[in-house]
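Student: Note that the protein sequences, when read in sequence, are chains A and B.
Under the working numbering, think of the first position of the first sequence as 149, with each following residue one higher.
Under the working numbering, think of the first position of the second sequence as 34, with each following residue one higher.
Each residue gets a CB set at the ideal place from its N, CA and C atoms; glycine is no exception.
Can you keep this structure in mind? I'll have questions shortly.
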Amino acid sequence: MAGEPQGGLTEYIQHHLTHLIPMNVEKGAFWAVHIDSVSVSLALGVVFCLLFWLKARKATAGVPGRGQAFVEIVLEFVDGQVKDVFHGDRRVLGPLALTVFVWVLLMNAMDLLPVDLLPLITEKFGLGHFRSVPTADINMTFAMSLTVFVLIIFYSFKAKGFGGYMHELFTAPFGANPLLWIPNFLLNVVELLSKPVSLAMRLFGNMYAGELVFMLIAGLFSAGSWVLYGMGIIGYTVWGIFHILIIGIQAFIFMVLTIVYISMAHDHH
Amino acid sequence: MDFNATLIGEMLSFAILIWFCVHFIWPHLTKAIEDRQVKIAEGLNAAERAHAELREADTKVAAEIKVARQQATEIIDKAQQQANQIIEKARAEAVVEINRLKASAQDDIASMAQRARDQLREQVGALAVQGASKIVQREVDASTHKALLDQLAAEI
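What follows is the structure in structure tokens.
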């Protein structure tokens, strides 16, 4: 916002929806890595790892400290969700669900920072654009959902074997008649592909829309009227409080669906 | 929607995060939680046992107190009985003693009275002899009239 000529709300929002990319690549190029998404998500990933690792390293069966108790509550919550859906070895699916939940929650929570705060700071270092919510970047959400997709395929092969999985792809859900092989396969491919797409689009859509609403409300601050300024403050607060709910729910949904998809990959039809 | 190398980078970092969690976070925490669950279960069991033992001890103590109280009443009863017996015995002995003393006193009195009577009789005999001799104005030979005097003394 600052440092550039004021071009109204449209320009303000467009400015805030532009990712920070390396200076020597063109916008839209393959190597136009979104530095903001990557740095924020990595920083939050490190925060998650450090927080949980430091507590896990010193975890004892004795009376837990506050930190350990907190970490354990989160873990037991996630483990309970996994246990409800998946009845097998939870040594990989459990940590996966924990990582998804905490990481997505942390990245979503970046939405609660004032929408201009991080851009204002990075501007001091000469970086014009900065989007602070990695989950409002479709690359981020698809990165996670595609990784989950890879795991779905991996566990399908692992649980059923190559032959078993192929058999399932071609004979379920309609039947083993050779005439039905192609329809079966097409349906299964659609079903399979819809999983990562819906997973990623749901999170992206929610967070992108949330960010956009924050920007629209923030636009009231520069509207030049005290009444609108007051409305902006109220609106920003109300939407922020409501958004806390969305942040948690979206992280939870992403985790639960990840668990469901991977446990489905283990099931035999 | 501009997909680019960000996607691949984020996929890799996500995979690394999962790997880290699988190896360094999850096992430690689940182990600690499970160990604590075992500990808590043991603690609860121990508390339950201690409770049962306490209840048992309480009933035992109550029974023993009851028995002790009974014994105490028995002892008191016995002591009272003994005391009564002693008193009764003492009273009986006292009565016997009293009777004995009374009897001996009565004997004494009787013999003393007898003696006094005998003396009186003798004196009366002597006075009678004196009187009679004075009356007859002559000496009555005491020895010749002894039989008579003795008879007189016996008659008095």
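In terms of residues, what are the limits of the alpha helix (DSSP H) holding phenylalanine 234 of chain A?
Tutor: The sequence position of residue 234 of chain A within the first sequence is 86, counting from 1. Unbroken run through phenylalanine 234 of chain A: none, as it is neither H nor E.
Student: Lysine 93 of chain B touches chain A at which residues, Cβ-Cβ below 9 Å?
Tutor: What you label residue 93 of chain B is simply residue 60 of the second sequence in a count that begins at 1. By Cβ distance, chain A contributes nothing, its closest Cβ being about 35 Å from lysine 93 of chain B, past 9 Å.
Student: Three or more beta-carbon pairs under 8 Å between the segment 294-310 of chain A and the segment 359-376 of chain A, yes or no?
Tutor: No: fewer than three Cβ pairs fall under 8 Å.
Student: Please classify isoleucine 58 of chain B: is it buried, with 16 or more other beta-carbons within 10 angstroms of its beta-carbon, or exposed?
Tutor: Numbered from its first residue, the second sequence carries residue 58 of chain B at position 25. With 16 or more other Cβ atoms within 10 Å, it is buried.
Student: Keeping to the same chain, check which residues put their C-beta closer than 6 Å to that of arginine 238 of chain A; ignore five residues upstream and five downstream.
Tutor: Here residue 238 of chain A refers to the residue found at position 90 of the first sequence. So the list reads Val230, once near-sequence residues are dropped.
Student: Any idea what DSSP makes of lysine 206 of chain A, helix, strand or coil?
Tutor: Within the first sequence, the letter at position 58 stands for residue 206 of chain A. Looking at lysine 206 of chain A - three-state DSSP - the assignment turns out to be coil, as it is neither helix nor strand.
Student: Please work out which residues of its chain come closer than 6 Å, Cβ to Cβ, to glutamine 216 of chain A, disregarding the five sequence neighbours upstream and downstream, and give them in chain order.
Tutor: Your numbering for residue 216 of chain A matches position 68 in the first sequence. So the list reads Lys203 and Ala207, once near-sequence residues are dropped.
Student: Which whole-angstrom value is the C-beta distance of valine 289 of chain A and alanine 48 of chain B, which I expect to be below 8 Å?
Tutor: The count along the first sequence starts at 1 and reaches residue 289 of chain A at position 141. The count along the second sequence starts at 1 and reaches residue 48 of chain B at position 15. Reading off the sequence shown, one finds threonine at residue 289 of chain A, where the question assumed valine. Not quite, the Cβ-Cβ distance comes to about 15 Å (not below 8 Å), so this is no contact.
Student: Rounded to a whole number of angstroms, what is the C-alpha to C-alpha distance between glutamate 152 of chain A and tyrosine 384 of chain A?
Tutor: The residue you call residue 152 of chain A lines up with position 4 of the first sequence. The residue you call residue 384 of chain A lines up with position 236 of the first sequence. Confidence in glutamate 152 of chain A is poor, its pLDDT being 44 and thus under 50, which makes the residue's placement unreliable; the coordinate value appears in the next sentence. Cα-Cα distance, rounded: 24 Å.
Student: Among the residues of its own chain, which have a CB less than 8 Å from the CB of alanine 348 of chain A, if the five just before and after it don't count?
Tutor: Here the question's residue 348 of chain A lines up with position 200 in the first sequence. These residues qualify, in order along the chain: Ile286, Thr289, Phe290, Met292, Ser293 and Leu294.
Student: Is there a Cβ of chain A sitting closer than 9 Å to that of glycine 76 of chain B, yes or no?
Tutor: Residue numbering aside, residue 76 of chain B sits at position 43 when the second sequence is read from its first letter. Judged by the 9 Å Cβ criterion, glycine 76 of chain B is not in contact with chain A.
Student: Would you report the Cα separation of leucine 364 of chain A and tryptophan 179 of chain A, rounded to the nearest angstrom?
Tutor: In the first sequence, counting from the first residue as 1, residue 364 of chain A sits at position 216. In the first sequence, counting from the first residue as 1, residue 179 of chain A sits at position 31. Roughly 30 Å between the two C-alpha positions.
Student: Relative to the alpha-carbon of isoleucine 161 of chain A, which residue among A:Asp184, A:Phe278 and A:Phe196 has its alpha-carbon at the smallest distance?
Tutor: Start at 1 with the first residue of the first sequence, and residue 161 of chain A comes out as number 13. The shortest C-alpha separation from isoleucine 161 of chain A is found at A:Phe278.
Student: Distance check for glutamate 86 of chain B and isoleucine 392 of chain A, CA to CA, integer angstroms please.
Tutor: For the purposes of this step, residue 392 of chain A is taken as residue 244 along the first sequence, with counting starting at 1. For the purposes of this step, residue 86 of chain B is taken as residue 53 along the second sequence, with counting starting at 1. Distance between the alpha carbons of isoleucine 392 of chain A and glutamate 86 of chain B: 52 Å.
Student: Which class does methionine 171 of chain A belong to by DSSP, given the choice of helix, strand or coil?
Tutor: The sequence position of residue 171 of chain A within the first sequence is 23, counting from 1. In the structure shown, methionine 171 of chain A sits in coil (DSSP, three-state: anything other than H, G, I, E or B).
Student: Any idea if threonine 247 of chain A is buried or exposed, counting beta-carbon neighbours within 10 angstroms, 16 or more meaning buried?
Tutor: Your numbering for residue 247 of chain A matches position 99 in the first sequence. With 16 or more other Cβ atoms within 10 Å, it is buried.
Student: Using 8 Å as the cut-off, can you tell me whether the segment 261-276 of chain A makes contact with the segment 393-413 of chain A, which would need three or more C-beta pairs spanning the two stretches below that distance?
Tutor: Because the criterion of three Cβ pairs below 8 Å is not met, the segment 261-276 of chain A and the segment 393-413 of chain A do not touch.
Student: CB leucine 253 of chain A to CB alanine 399 of chain A, shorter than 9 Å?
Tutor: Taking the first residue of the first sequence as 1, we reach residue 253 of chain A at position 105. Taking the first residue of the first sequence as 1, we reach residue 399 of chain A at position 251. Closer than 9 Å, so yes.
Student: Does DSSP put proline 153 of chain A in a helix, in a strand, or in coil?
Tutor: For the purposes of this step, residue 153 of chain A is taken as the residue at position 5 of the first sequence. Because proline 153 of chain A sits at a pLDDT of 45, beneath the cut-off of 50, its placement in the model cannot be relied upon, and the following sentence gives the value as read from the coordinates. DSSP places proline 153 of chain A in coil when its eight states are reduced to three.
Student: With distances taken between CB atoms, is the gap from isoleucine 407 of chain A to asparagine 354 of chain A smaller than 9 Å?
Tutor: On the first sequence, residue 407 of chain A is found 259 positions in, with the first residue counted as 1. On the first sequence, residue 354 of chain A is found 206 positions in, with the first residue counted as 1. Contact: no.
Student: Sorted by chain position, which residues of the same chain lie with C-beta nearer than 7 Å to phenylalanine 305 of chain A's C-beta, five sequence neighbours on each side aside?
Tutor: Here the question's residue 305 of chain A lines up with position 157 in the first sequence. Excluding positions up to five away in sequence, the list reads Tyr313.
Student: Buried or exposed, going by whether 16 or more other CB atoms sit within 10 Å of the CB of leucine 198 of chain A?
Tutor: Taking the first sequence and counting its residues from 1, the one referred to as residue 198 of chain A is at position 50. Counting Cβ neighbours within 10 Å, leucine 198 of chain A comes out exposed, since fewer than 16 surround it.
Student: Please list the terminal residues of the continuous alpha helix (DSSP H) segment that includes asparagine 132 of chain A.
Tutor: Here chain A covers residues 149 to 417 and nothing more, so residue 132 of chain A does not appear.
Student: In chain A, which residues lie with their C-beta within 8 Å of the C-beta of valine 55 of chain B?
Tutor: Here residue 55 of chain B refers to the residue found at position 22 when the second sequence is read from its first residue. Ordered by position in chain A, the residues that pass the 8 Å Cβ test against valine 55 of chain B are Arg239, Val240, Pro243 and Leu244.
Student: What separation, rounded to the nearest whole angstrom, lies between the Cα atoms of alanine 324 of chain A and asparagine 37 of chain B?
Tutor: For the purposes of this step, residue 324 of chain A is identified with residue 176 of the first sequence, where counting begins at 1. For the purposes of this step, residue 37 of chain B is identified with residue 4 of the second sequence, where counting begins at 1. So the two alpha carbons sit approximately 41 Å from each other.
Student: Under the assumption that phenylalanine 352 of chain A contacts phenylalanine 333 of chain A (Cβ atoms under 8 Å), give the Cβ distance between them as a whole number of angstroms.
Tutor: As a position in the first sequence, residue 352 of chain A is number 204, starting the count at 1. As a position in the first sequence, residue 333 of chain A is number 185, starting the count at 1. Their Cβ separation, rounded to whole angstroms, is 29 Å, which puts phenylalanine 352 of chain A and phenylalanine 333 of chain A out of contact at 8 Å.
Student: Just to confirm, is the Cβ distance from glycine 210 of chain A to arginine 69 of chain B under 9 Å?
Tutor: Against the first sequence, residue 210 of chain A aligns to sequence position 62. Against the second sequence, residue 69 of chain B aligns to sequence position 36. Yes, they are a contact pair.
Student: Does alanine 65 of chain B come within less than 9 Å of chain A when only Cβ atoms are used?
Tutor: Translated into positions along the second sequence, residue 65 of chain B becomes position 32. By this cut-off, alanine 65 of chain B is an interface position.
Student: Going along chain A in order, which residues have a C-beta closer than 9 Å to the C-beta of alanine 79 of chain B?
Tutor: Start at 1 with the first residue of the second sequence, and residue 79 of chain B comes out as number 46. Those do not exist, as alanine 79 of chain B stays about 16 Å from chain A at its closest Cβ, beyond 9 Å.
Student: Would a check of beta-carbon distances place proline 331 of chain A closer than 9 Å to chain B?
Tutor: Position 183 of the first sequence holds residue 331 of chain A. Not one chain B Cβ lies under 9 Å of proline 331 of chain A.
Student: Would a C-beta distance cut-off of 9 Å place phenylalanine 249 of chain A and leucine 241 of chain A closer than the cut-off?
Tutor: The sequence position of residue 249 of chain A within the first sequence is 101, counting from 1. The sequence position of residue 241 of chain A within the first sequence is 93, counting from 1. No, they are not a contact pair.
Student: Expressed to the nearest angstrom, what Euclidean distance is found between the alpha-carbon atoms of glycine 42 of chain B and leucine 327 of chain A?
Tutor: Walking along the second sequence from the start, residue 42 of chain B turns up at place 9. Walking along the first sequence from the start, residue 327 of chain A turns up at place 179. Their backbone Cα atoms lie some 42 Å apart in a straight line.
Student: At the level of alpha carbons, what is the spacing between leucine 50 of chain B and glutamate 174 of chain A?
Tutor: Residue numbering aside, residue 50 of chain B sits at position 17 when the second sequence is read from its first letter. Residue numbering aside, residue 174 of chain A sits at position 26 when the first sequence is read from its first letter. The alpha-carbon atoms of leucine 50 of chain B and glutamate 174 of chain A are separated by roughly 30 Å.
Student: Less than 6 Å between C-beta atoms, sequence neighbours within five positions excluded: which residues of the same chain meet that for isoleucine 183 of chain A?
Tutor: Indexing the first sequence from 1 puts residue 183 of chain A at position 35. Within the same chain, isoleucine 183 of chain A has close Cβ partners Leu168.
Student: Short of 6 Å in beta carbon distance, which residues of its chain neighbour alanine 150 of chain A, apart from the five on each side in sequence? Order them along the chain.
Tutor: Here residue 150 of chain A refers to the residue found at position 2 when the first sequence is read from its first residue. Reliability fails at alanine 150 of chain A, whose pLDDT of 42 lies under 50, so the model's placement of it is uncertain and no value is given.
Student: Which of the three DSSP states, helix, strand or coil, is assigned to serine 137 of chain B?
Tutor: If you number the second sequence from 1, residue 137 of chain B lands on position 104. Serine 137 of chain B falls in the helix class under three-state DSSP.
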